[in-house]
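The block underneath contains the structure these notes are about, expressed in structure tokens.
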Amino acid sequence: MESSKSCPSYIAKPGAELFGIVTGEGKVAYLEESIKIDKTFVEKAAEHEARTGQAAEDRFRFSGKCIQGGCGQWDHEHSACSLVGRIREALEKKAEAALSPCAIRSSCRWYFQGGADACGHCNEVVRSVEKQRLDALVTE
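Quick note on my numbering: the sequence shown kicks off at 1400 and runs consecutively.
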């Protein structure tokens, strides 16, 4: 049986792991160790978003438990996350010879499925783009 995997495209909610910070260039700078966020972090992030319009997912990368079939990105036919494959196709980038250190790689769903090539795209993924798309669907 597969051990529990982490989703590297998670939302800011208590218990999530902050593992990267989005730089001014829009790339993710990884932390050496992830930080479990709490209710206070989420509340402060919501206050910041109310003032600036910038969600926590615009500024940070979070991971949390991969919920597999409970997620809209899950491909039931292949029992896999479909998002990582679509990102790899869209960006057409191979992994660097030496991967950047990553606090969640050992449990990462994307790494489990796509290996080093999945890591080659990860620092270009900002979850807010996906969140905006989902918000648009809800308001239609």
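Built from N, CA and C at the ideal position, the CB exists for glycine as well.
Host beta strand (DSSP E) of residue i (start-end)
i     : result
P1429 : The sequence as given places Tyr at residue 1429; Pro does not occur at that position. First-last of the beta strand (DSSP E) with Y1429: V1427 to K1435.
R1460 : F1459 to K1464
Boundaries of the alpha helix (DSSP H) in which residue i is found, first to last residue
i     : result
V1441 : K1438 to T1451
G1519 : R1508 to C1521
Where residue i falls: helix, strand or coil (DSSP)
i     : result
S1405 : strand
I1486 : helix
M1400 : Here M1400 scores only 41 on pLDDT, less than 50, and its place in the model should not be relied on; the value that follows carries that caveat. M1400 falls in the coil class under three-state DSSP.
Residue(s) in a DSSP beta bridge with residue i
i     : result
A1479 : D1474
E1361 : Any property of residue 1361 remains undetermined from this structure, which presents the chain solely from 1400 to 1539.
V1421 : V1427
At least 3 beta-carbon pairs within less than 8 angstroms: the segment 1496 to 1512 vs the segment 1426 to 1438
yes
With a cut-off of 8 angstroms, do at least 3 Cβ pairs link the segment 1404 to 1413 to the segment 1450 to 1463?
yes
Contact the segment 1475 to 1485 vs the segment 1444 to 1453: 3+ CB pairs below 8 angstroms:
no
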